[in-house]
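>
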Amino acid sequence: MGDCELTWQQRATIDIDLARQQHRAYAQALRDAGLQVVRLPADPAFPDCNFVEDIAMDVGGVLILTSPGADSRRGERPAVLEALRTVGDVIQMPDDMRLDGGDVIHVRNTLFVGLSKRSGRAAMDWLEHTTGCRVVGVELDRVLHLKTGMTALDEDTLLCAPGAVDTTVFSDFDVLETEVGDEHAANALRLPPREPGDRRLLMSGGFTRTIDRVRGLGYEVSEVDISQFALAEASMTCMSVLLGARW
1 MGDCELTWQQ RATIDIDLAR QQHRAYAQAL RDAGLQVVRL PADPAFPDCN FVEDIAMDVG
61 GVLILTSPGA DSRRGERPAV LEALRTVGDV IQMPDDMRLD GGDVIHVRNT LFVGLSKRSG
121 RAAMDWLEHT TGCRVVGVEL DRVLHLKTGM TALDEDTLLC APGAVDTTVF SDFDVLETEV
181 GDEHAANALR LPPREPGDRR LLMSGGFTRT IDRVRGLGYE VSEVDISQFA LAEASMTCMS
241 VLLGARW
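With the working numbering, letter number 216 in the sequence shown gets 216, and the count goes up by one each step, no holes.
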């Protein structure tokens with residue numbers, strides 16, 4: 001993981017032993033939320049392979065293998081494809097397109113796609129045709145992925161780091177900004193409800209002011225420390241793909 005791709009951050013030393021502990025805690029938090037966790041084997045040849053969200057998507061039951069924007073990550077696809085095929089049929093994005101799953105927010109039958117250094121417009125048209133969803137592009141020039149700076153807390157509310165994303169295309173949503181200094185908290189993992197009305201989130205620990213505000217709005221928040229993964233330009237949603245989640 002120390003040799004991972006970096007776009008906006010300077011390389012820093014990652015404590016691999018601590019990262020392993022944090023990854024185990026992350027997986028346990030998902031289990032504690034009632035989810036079945038399927039772990040893929042680590043592959044030292046691909047230092048970004050922890051960040052499986054970029055390689056696979058489930059859009060309303062349509063399983064998609066993406067075509068990641070970093071050439072160094074394209075070799076991650078066979079292992080992810082094999083795992084996805086145990087769940088159902090998989091549609092593979094053409095090789096000449098570029099899309100990281102971290103650039104996609106799916107809410108209200110709309111896919112908001114970050115147009116970043118990793119994802120391009122050709123993938124937007126393909127997604128619209130393949131999934132039947134409305135697709136809206138969001139220009140990015142300050143963050144790695146759309147989800148680096150913004151995530152959906154529910155169908156009506158988005159959490160955003162101040163200035164990270166142009167929010168004009170999200171005028172139909174309530175946009176909650178993180179506190180200054182809590183920008184990494186903008187990436188929250190929305191968990192499937194156990195029963196109607198549940199609003200459950202997994203958030204990066206340590207950003208107390210923002211987490212307290214989110215809890216004050218009625219969300220149930222579990223915290224996990226992913227500080228070592230943040231050094232790899234990763235966030236809470238990066239390390240998993242929710243399959244079969246319905247809101």
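Backbone N, C-alpha and C define an ideal beta-carbon position, used for all residues, glycine too.
Going by other Cβ atoms of all chains shown within 10 Å of its Cβ, with 16 needed for buried, is Ser-116 buried or exposed?
Numbered from its first residue, the sequence shown carries residue 116 at position 116. It counts as buried.
> Give the straight-line distance between the Cα atoms of Glu-249 and His-145, rounded to the nearest whole angstrom.
Nothing about residue 249 can be read from this structure; the chain reaches only from 1 to 247.
> Quick one: grab the DSSP three-state call for Leu-146.
Position 146 of the sequence shown holds residue 146. Correct three-state label for Leu-146: helix.
> Taking only runs that begin and end inside the region 157 to 185, name each unbroken beta strand (DSSP E) of 3 or more residues, in chain order.
Complete beta strand (DSSP E) runs here, min 3: 157 to 160, 174 to 177.
> Would you check if the distance between the CB atom of Thr-66 and the CB atom of Gly-120 is smaller than 8 angstroms?
Within the sequence shown, numbered from 1, the residue matching residue 66 stands at position 66. Within the sequence shown, numbered from 1, the residue matching residue 120 stands at position 120. 8 angstroms or more divides the Cβ of Thr-66 from the Cβ of Gly-120.
> Do you know how far the Cα of Ala-122 is from the Cα of Glu-82?
Position 82 of the sequence shown, counted from the first residue, corresponds to residue 82. Position 122 of the sequence shown, counted from the first residue, corresponds to residue 122. Whole-angstrom Cα-Cα distance: 25 angstroms.
> Can you pull the DSSP bridge partners for Asp-58?
Within the sequence shown, residue 58 is the residue found at index 58, counting from 1. Answer by DSSP bridge pairing, in chain order: Leu-63.
> With which residues is Ala-152 paired in a DSSP beta bridge?
Position 152 of the sequence shown, counting from 1, holds the residue named residue 152. By DSSP's assignment, Ala-152 forms a beta bridge with Leu-158.
> By alpha-carbon positions, which one of Val-214, Arg-215, His-184 ends up nearest to Ala-230?
The residue you call residue 230 lines up with position 230 of the sequence shown. Put simply, of Val-214, Arg-215, His-184 the residue whose alpha carbon is nearest the alpha carbon of Ala-230 is His-184.
> Give the straight-line distance between the Cα atoms of Leu-202 and Asp-103, rounded to the nearest whole angstrom.
Residue mapping note: residue 202 aligns to position 202 of the sequence shown, counting from 1. Residue mapping note: residue 103 aligns to position 103 of the sequence shown, counting from 1. Using only the alpha carbons, I get a separation of about 19 angstroms.
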